[in-house]
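The next block holds one structure in the form of structure tokens; read it before the comments.
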Amino acid sequence: MRHIPYEKLEKKIGYSFKNRDFLLQALTHRSMGGEHNERLEFLGDSLLGMFIAEALYFKFPKVPEGDLSRMRATLVRGQTLAELARDFVIGDYLRLGPGELKSGGFRRDSILADSVEAIIAAVYLDSDMKTCETLVLDWYQSRLQAIEPGVSQKDPKTQLQEWLQGRRLPLPTYEVMEVTGQAHNQRFTMSCSVEGVAEQTVGVGTSRRKAEQDAAQKALEVIHATAK
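Each residue of the sequence shown is one higher than the one before, counting from 2 in our numbering.
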């Protein structure tokens, strides 16, 4: 039987399980038959919603409920969870049935998002509420710092692309400047070049996507500063 290095996944998510059976169940899709991750997903969805709601409540003490709800929806939506799953390379560890595996289920946003919710519940059951909350908020640190009420909740790359398209300008160019570290713990440095913006911006992150988002955010800041 092929050895699966789950300790690498534990390192990526920032938590080592005392009972790894919780992690294995969280990674098991119903297509495998037997015990799967849907009950964990149910619990993890509620835990995530509570953690994010509390974080937003205290971060924005004067913001009305409607804005808080919209920000929470952005942070807990499937797309955001799938992005987290890709950052952690969870797709490499999913336990899928033959049909789902053949159809590329390990790349599907819905399956990836469900697995993140299931892992949240698995961490909670393996530890306690405080440990789980601290871990999840660490995953969301950059997103919680960036989010603002009444502002488009689109990610920086999308905002930059739409800003350029609205002015009929070419799309930005992203290039890899440097990749350091071992395969399971890499650090990416990406550049972002925008026509009409003299300053090339540089972003860093633990994945190529994160580094591109960081570079795009910095490009937006340069554009907005120049426009003032």
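Virtual Cβ for every residue (Gly too), placed ideally from N, Cα, C.
Checking 8 Å against the spacing of the C-beta atoms, do Glu42 and Arg31 come in under that value? Against the sequence shown, residue 42 aligns to sequence position 41. Against the sequence shown, residue 31 aligns to sequence position 30. In terms of Cβ geometry, Glu42 and Arg31 do not form a close pair [threshold 8 Å].
With three or more beta-carbon pairs closer than 8 Å as the criterion, would you say the stretch 210-221 touches the stretch 157-174? A contact exists between the stretch 210-221 and the stretch 157-174.
To the nearest angstrom, how far is the alpha carbon of Gln26 from that of Thr81? The sequence position of residue 26 within the sequence shown is 25, counting from 1. The sequence position of residue 81 within the sequence shown is 80, counting from 1. Gln26 and Thr81 have their C-alpha atoms some 22 Å from each other.
Would you mind working out which of Gly182, Arg71, Ser70, Val90 sits nearest Leu28, comparing C-alpha positions? Your numbering for residue 28 matches position 27 in the sequence shown. Out of Gly182, Arg71, Ser70, Val90, Val90 has the C-alpha closest to the C-alpha of Leu28.
Opposite Thr75 in the DSSP bridges: which residues? Working through the sequence shown from its first residue, we reach residue 75 at position 74. DSSP output for Thr75 lists no bridge partner at all.
Among the residues of its own chain, which have a CB less than 6 Å from the CB of Tyr16, if the five just before and after it don't count? Walking along the sequence shown from the start, residue 16 turns up at place 15. For Tyr16, where only same-chain residues beyond five positions count, the Cβ hits under 6 Å are Val124, Leu136.
Nearest candidate by alpha-carbon position, reference Gly34, set Gly50, Arg71, Glu101, Lys60: Here residue 34 corresponds to residue number 33 of the sequence shown, with the count starting at 1. Nearest option by C-alpha distance: Glu101.
Buried or exposed: Ser192, going by 16 or more other Cβ atoms within 10 Å of its Cβ? Looking up residue 192 in the sequence shown gives position 191. Counting C-beta atoms within 10 angstroms of its own C-beta, Ser192 has 16 or more neighbours from the protein chains shown and is therefore classed as buried.
Output needed for Thr181: all residues of its chain with C-beta closer than 6 Å, excluding positions within five of it in sequence on either side, in chain order. Translated into positions along the sequence shown, residue 181 becomes position 180. Cβ neighbours of Thr181 beyond the five flanking positions: Arg188.
Exposed or buried, what is Ser104 when buried is set at 16 or more other beta-carbons lying within 10 Å of its beta-carbon? For the purposes of this step, residue 104 is identified with residue 103 of the sequence shown, where counting begins at 1. So Ser104 counts as exposed.
Report the rounded CA-to-CA distance for Glu200 versus Val223, giving the unit in angstroms. Locating residue 200 in the sequence shown gives position 199, where the first residue counts as 1. Locating residue 223 in the sequence shown gives position 222, where the first residue counts as 1. Roughly 8 Å separates the two Cα atoms.
For Leu57, I'd like the list of residues in its chain whose CB is within less than 7 Å of its CB, leaving aside the five on either flank, ordered along the chain. One-based indexing of the sequence shown puts residue 57 at position 56. Excluding residues within five positions, the ones whose Cβ falls inside 7 Å are Leu69, Met72, Arg73.
Along the alpha helix (DSSP H) that carries Gly50, what are the first and last residues, could you check? In the sequence shown, counting from the first residue as 1, residue 50 sits at position 49. That run of the alpha helix (DSSP H) goes 39-60.
With 16 as the cutoff for other CB atoms within 10 Å, does Ala86 come out buried or exposed? Position 85 of the sequence shown holds residue 86. With 16 or more other Cβ atoms within 10 Å, it is buried.
Local Cβ density within 10 Å of Glu8, reported as buried at 16 or more and exposed below that: Taking the sequence shown and counting its residues from 1, one reaches residue 8 at position 7. When all chains shown are included, Glu8 counts as exposed.
Enumerate in chain order the residues of its own chain whose CB-to-CB distance from Asp139 is below 7 Å, with the five nearest sequence positions on each side excluded. Residue 139 sits at position 138 when you count from the first residue of the sequence shown. Taken in chain order, the residues that qualify are Gly15.
Are Pro157 and Leu165 close, meaning C-beta to C-beta below 8 Å? The residue given as residue 157 occupies position 156 in the sequence shown. The residue given as residue 165 occupies position 164 in the sequence shown. Cβ distance not < 8 Å, so Pro157 and Leu165 don't count as in contact.
Residue nearest to Glu149 in terms of C-alpha spacing, selected from Pro6, Phe18, Phe61, Gly50: As a first step, residue 149 must be located in the sequence shown, where it is residue number 148. Ranking the options by Cα distance to Glu149, first place goes to Phe61.
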